[in-house]
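Numbering (UniProt numbering), first residue to last: 1 to 122. All C-beta atoms, glycine included, are put in the ideal place defined by N, C-alpha and C. Since this is a predicted model, take the numbers as computed values, not measurements. Have a look at the structure below, then the notes.
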């Protein structure tokens, strides 16, 4: 989804959150149970904005206007380089209804989990 990519790249948190459905489901790469609802996901996204360094999307996969899109990214958490993908599924209203993130390598996933735990504890 181009609008989400542009909002994230501009670090415009409010614009990114506005694209989420009220009942969005977010699946984290480091937590088993999904987060549900716009406010819960907004909290996660705000923390991610603070944790990731040098974040950049490198590719978009999916036909323009299709309900399923993938945004491939790179970032850094501390000394760890992360490769990842945001899998977005749009609902009937064109908002993000499902949001799944996958990252690699495992050492980067551990660094992300540690950094997110510390950030959310604040």
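Item, Value
"Which ranges would you report for the beta strand (DSSP E) in the segment 1 to 53 if only whole runs of at least 3 residues count?", "20 to 27"
"Please list, in chain order, all residues of the same chain as residue 119 whose beta carbon is under 8 Å from its beta carbon, the five residues on each side excluded.", "47, 50, 51"
"Please classify residue 78 as buried or exposed, where buried requires at least 16 other C-beta atoms within 10 Å of its C-beta.", "exposed"
"Return the chain-ordered list of same chain residues with a C-beta closer than 8 Å to the C-beta of residue 20, the five sequence neighbours on each side being excluded.", "38, 41, 42, 95, 96, 99"
"In the DSSP output, which residue or residues are listed as bridge partners for residue 110?", "Per DSSP, none; premise fails for residue 110."
"So for residue 119, helix, strand or coil by DSSP?", "helix"
"For the beta strand (DSSP E) holding residue 83, just list the boundary residues, first then last.", "80 to 90"
"Per DSSP, what kind of secondary structure is residue 131 in: helix, strand or coil?", "With the chain represented from 1 up to 122, any question about residue 131 goes unanswered, as that position is not in the structure."
"Identify the continuous beta strand (DSSP E) that holds residue 75 and give its terminal residues.", "68 to 77"
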